[in-house]
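In the numbering used here, the protein residues as written are 501 to 845. First comes the structure, then the notes that go with it.
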Ligand SMILES: [Ca+2]
Ligand SMILES: [Ca+2]
Ligand SMILES: [Ca+2]
């Protein structure tokens with residue numbers, strides 16, 4: 501009898517999964533639906549893209565980012581380190597042999613050029629909600645880009661920079677962990693405060709990450725920035741002949757850990773983009789990544805990686821879902837799903 505009951509339960513579960521699986525496929529949106537954090541570094545477009553208004557806190561600014569992007573606008577991340585963290589209405593699955601994410605900026609090709617123009621590279625990081633709390637407070641992995649192989653010895657890993665707020669519209673001095681220092685210069689075109697006004701309470705902002713080598717040079721009397729081959733946001737034009745530029749596409753297979761060792765990720769819950777250059781030009785101001793939205797390239801995919809579930813019903817990647825697709829944990833009763841496998845408890 502017990503076996504028969506279990507058999508019926510299994511049949512019911514399989515039917516349920518078949519139904520919810522089918523509806524989930526049509527419901528997943530390819531576009532971002534959450535901005536968790538917007539922490540830009542200082543810059544000439546900060547407090548204007550999006551606009552900060554008296555009383556706006558971090559949550560209000562994150563919401564403004566989401567609204568701006570949904571309206572086909574873009575946000576500015578400021579100088580080195582400034583970042584945005586966003587997500588979708590489902591985990592982004594790493595489909596084998598394919599790009600998984602498409603991320604847009606506002607890079608363009610310079611007149612008469614093919615491999616340079618405006619290129620303000622941002623690095624992509626990804627994370628899983630390993631602790632299941634719905635917040636991006638878990639381990640982050642960087643997606644390694646072409647500079648890691650094209651500019652060996654010139655990329656600075658574990659770079660850190662601190663920007664100091666000295667009062668409204670005062671020069672913003674910075675120091676880094678390489679012995680460098682400078683000032684985020686103000687210019688005549690942008691009169692507002694350059695330090696994010698909702699983040700002045702601590703008096704400074706510190707960012708860490710991978711610093712890419714400078715890419716600016718002079719061409720026929722104009723400053724241009726050389727494109728990197730692949731793996732960066734706001735580095736090359738979003739489209740080529742109306743089609744998604746591969747240089748704006750990202751593969752979760754590129755994920756590396758803090759020691760630059762490859763990590764296998766079957767899916768991720770959070771994505772972050774940060775400005776990866778510290779380059780300031782008298783005429784153009786600071787190099788600053790723009791973010792204009794992202795797309796999951798296969799929103800209906802289900803994880804294909806097989807992770808063995810051991811005798812106690814736990815799964816090595818520690819990620820569990822209930823039958824409605826919501827995150828749960830290993831202690832949940834009933835039927836839970838992990839990496840495509842059912843656990844009945
Ligand atoms: Ca992939
Ligand atoms: Ca840009
Ligand atoms: Ca979390």
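Note that CB positions come from ideal geometry on N, CA and C, so glycine has one too.
Using 10 angstroms around the beta-carbon of residue 762, count the other beta-carbons present and answer buried if the total reaches 16, otherwise exposed. So residue 762 ends up on the exposed side.
Enumerated in chain order, which unbroken segments of the beta strand (DSSP E) with a length of 3 residues or greater are wholly contained in the stretch 749-780? Counting whole runs of 3 or more residues, the stretch 749-780 contains the beta strand (DSSP E) stretches 770-775.
Please say whether residue 745 and residue 599 have beta carbons closer to each other than 7 Å? no
Identity of the residues DSSP links to residue 722 by a beta bridge: 719
If you check the beta carbons only, do residue 687 and residue 673 fall under 7 Å apart? The answer is no: Cβ separation not under 7 Å.
Nearest CA to the CA of residue 661: which residue from 830, 540, 837 and 528? Comparing C-alpha distances from residue 661 to each of 830, 540, 837 and 528 shows the shortest one belongs to 540.
Candidates 610, 772, 544 and 776: which alpha carbon is nearest residue 587's? 772
Host alpha helix (DSSP H) of residue 559 (start-end): That run of the alpha helix (DSSP H) goes 558-570.
Which whole-angstrom value describes the C-beta separation of residue 783 and residue 723, a residue pair presumed to lie in contact below a C-beta threshold of 8 Å? Residue 783 to residue 723, Cβ: 6 Å. Contact.
Among residues of its own chain, excluding the 5 on either side of residue 605, which ones have a beta-carbon nearer than 8 Å to its beta-carbon? 574, 620, 622, 733, 734, 735, 738, 748, 789, 790, 791 and 792
When you compare only the Cα positions, how much space is there between residue 644 and residue 564? Distance between the alpha carbons of residue 644 and residue 564 is about 29 Å.
With 16 other Cβ atoms within 10 Å as the buried cut-off, status of residue 649: Result: exposed.
Note down, in chain order, each residue of its chain lying with its Cβ closer than 7 Å to the Cβ of residue 714, except the 5 sequence neighbours on either side. 777 and 779
Beta-carbon spacing of residue 529, residue 589 below 7 Å: yes
From residue 843 to residue 836, what does the alpha carbon distance come to, in whole angstroms? Roughly 5 Å between the two C-alpha positions.
Does DSSP classify residue 795 as helix, strand or coil? strand
Return the residue from the list 787, 677, 615 and 637 that minimises the CA-CA distance to residue 728. 615
C-alpha distance - residue 692 paired with residue 669, whole-angstrom precision: 7 Å
With DSSP run on the structure shown, which of helix, strand or coil describes residue 698? helix
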